Amino acid sequence: MRTAYQYRLRPTPRQVAWMDGWLEPLRRQYNYRLAERFRWWEQNRCDIHACSLTVCHLPQLKDQPTFYSQKRDLVNTKVLVPVRASGTESLGFVIKTATLTRKVDGWYVTLSLQAPSVPELNPDTPAWENTIGIDLGLDDFLVTDSGESVKVPRHYRRTEKKLKRLQKAISRQKKRSNRYKKAVKRLAKVHQKLANQRRDFHHKTAHKLVQTRKHIAHEALNIKGLARTRLAKSVHDAGWGQFLQILAAKAERAGLLTIAVDPRGSSQECSGCGRDVPKKLDERWHDCPHCGLSIGRDQNSALIIKSRAVGRPVLKAQEMSCYRAGVTVREAGRSP
Ligand SMILES: [Zn+2]
Numbered sequence: 002m003r004t005a006y007q008y009r010l011r012p013t014p015r016q017v018a019w020m021d022g023w024l025e026p027l028r029r030q031y032n033y034r035l036a037e038r039f040r041w042w043e044q045n046r047c048d049i050h051a052c053s054l055t056v057c058h059l060p061q062l063k064d065q066p067t068f069y070s071q072k073r074d075l076v077n078t079k080v081l082v083p084v085r086a087s088g089t090e091s092l093g094f095v096i097k098t099a100t101l102t103r104k105v106d107g108w109y110v111t112l113s114l115q116a117p118s119v120p121e122l123n124p125d126t127p128a129w130e131n132t133i134g135i136d137l138g139l140d141d142f143l144v145t146d147s148g149e150s151v152k153v154p155r156h157y158r159r160t161e162k163k164l165k166r167l168q169k170a171i172s173r174q175k176k177r178s179n180r181y182k183k184a185v186k187r188l189a190k191v192h193q194k195l196a197n198q199r200r201d202f203h204h205k206t207a208h209k210l211v212q213t214r215k216h217i218a219h220e221a222l223n224i225k226g227l228a229r230t231r232l233a234k235s236v237h238d239a240g241w242g243q244f245l246q247i248l249a250a251k252a253e254r255a256g257l258l259t260i261a262v263d264p265r266g267s268s269q270e271c272s273g274c275g276r277d278v279p280k281k282l283d284e285r286w287h288d289c290p291h292c293g294l295s296i297g298r299d300q301n302s303a304l305i306i307k308s309r310a311v312g313r314p315v316l317k318a319q320e321m322s323c324y325r326a327g328v329t330v331r332e333a334g335r336s337p
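So the sequence shown is residues 2 to 337, counted in the working numbering.
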């Protein structure tokens with residue numbers, strides 16, 4: 002089993018000086034590599050964008066720096082940064098990597114640990130009974146297929162005013178003055194607190210879900226695509242990406258699966274009969290004219306996501322339950 006823990010460091014001034022010494026070459030390395038890429042674009046820029054092949058002479062393209070070529074060159078930086086890690090094997094853990102991070106309120110070390118003694122858990126195959134479907138949203142942070150919802154804590158909105166005020170305070174100060182530096186630090190601390198609160202919320206929510214001892218089906222997100230729209234602020238606030246990461250880690254440790262499914266059309270499909278029920282974004286209730294199913298829009302999506310995850314098309318499920326219980330389509334829709 003592989004896991005990671007982050008610890009706060011309390012380094013002595015001398016150690017801080019060391020670590021700062023390590024960071025400096027890394028910063029230069031980053032800027033140098035970035036410049037390398039910009040330079041390539043500059044050098045290969047050409048006025049000609051259309052010409053006959055026989056007349057014009059096009060300059061030879063220079064070697065483009067890529068991720069791999071730059072990575073190969075990293076050994077030269079490592080010579081500049083002599084870091085040695087000594088692994089301990091207390092508690093049966095082997096430290097695989099240690100990452101030092103400087104945050105606004107001090108230093109942190111993240112240890113990636115491997116425990117060879119902990120056996121890998123083999124999760125059972127997801128089925129309708131042992132799986133829970135969740136729909137991520139903006140009004141509610143998430144809604145489960147049984148209709149339970151978790152509200153979004155609007156930390157960001159609440160702290161936004163504070164951030165704005167601090168931002169203004171910075172712009173009033175003279176650049177690089179002592180007061181300016183102090184103001185910047187205050188702002189950074191508010192940002193950090195916000196991030197901590199958000200992560201805490203994600204951990205607690207994920208913990209609750211994992212405690213149900215069920216596999217978790219969720220929509221596959223295209224965070225980047227969503228964040229570019231006007232919903233950006235809310236999307237970043239909700240921080241779905243981080244949440245799903247935490248959820249996946251917690252589930253894995255509990256021997257459970259997280260299943261990402263294609264959410265396309267999940268809000269328009271009826272979880273009772275599988276037929277299309279078109280609705281606009283502001284329609285929060287799902288009323289199916291075909292089977293009479295009437296539930297919350299998000300709960301319906303959660304049910305669709307769940308049925309996609311367990312590989313059971315809604316229509317088939319409905320046929321089966323009709324066949325077994327001999328109920329009408331209407332009834333089957335109510336109790337999927
Ligand atoms: Zn229906």
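Every residue gets a Cβ at the ideal spot worked out from N, C-alpha and C, and that includes glycine. Small disclaimer: the values here were computed from a predicted structure and weren't measured.
Residue 190 and residue 200 have their alpha carbons spaced roughly 15 Å apart. Rounded to the nearest angstrom, the Cβ distance from residue 213 to residue 135 is 11 Å, too far for a contact under 8 Å. Around the beta carbon of residue 139, a 10 Å sphere encloses fewer than 16 other beta carbons of the protein chains shown; the residue is thus reported as exposed.
Contact check for residue 116 against residue 4 passes: the beta carbons are separated by less than 9 Å. Assignment of beta-bridge partners to residue 288 by DSSP yields 295. Beyond the five residues adjoining it in sequence on each side, residue 108 comes within less than 6 Å, by CB distance, of 10, 12 in the same chain, given in chain order. Each residue's CA atom was taken as its position, placing residue 299 and residue 256 some 27 Å apart.
No residue range can be given for residue 46, since it is assigned to no alpha helix (DSSP H) and is classified by DSSP as neither H nor E. Looking at the DSSP output, residue 217 bridges to 133, 259.
Per DSSP, residue 139 lies in no alpha helix (DSSP H) and is assigned neither H nor E. In this chain, residue 275 is not harboured by any alpha helix (DSSP H), its DSSP state being neither H nor E. Secondary-structure assignment with DSSP links residue 3 through a beta bridge to 115. In terms of Cα proximity to residue 17, the closest of 32, 65, 110, 33 is 110. Going by beta carbons, residue 180 and residue 167 fall outside the 9 Å limit.
Here the alpha carbon of residue 43 sits roughly 25 Å from the alpha carbon of residue 26. The C-beta of residue 309 has 16 or more other C-beta atoms within 10 Å across all chains shown, which makes the residue buried. Approximately 6 Å separates the beta-carbon atoms of residue 252 and residue 211; this is inside 8 Å, confirming the contact. Beta-bridge partners assigned by DSSP to residue 151: 143. In this structure, residue 294 has its CB closer than 8 Å to one or more heavy atoms of ligand 1. With a cutoff of 8 Å, residue 291 counts as near ligand 1, since its C-beta is closer than that to a heavy atom of the ligand. In this structure, the straight-line span from the alpha carbon of residue 243 to that of residue 297 is close to 26 Å. CA-to-CA, the gap between residue 240 and residue 160 works out to about 16 Å. By the C-beta density criterion, residue 64 is exposed, having fewer than 16 other C-beta atoms within 10 angstroms. Counting the other Cβ atoms within 10 Å of the Cβ of residue 146 gives 16 or more, which makes it buried.
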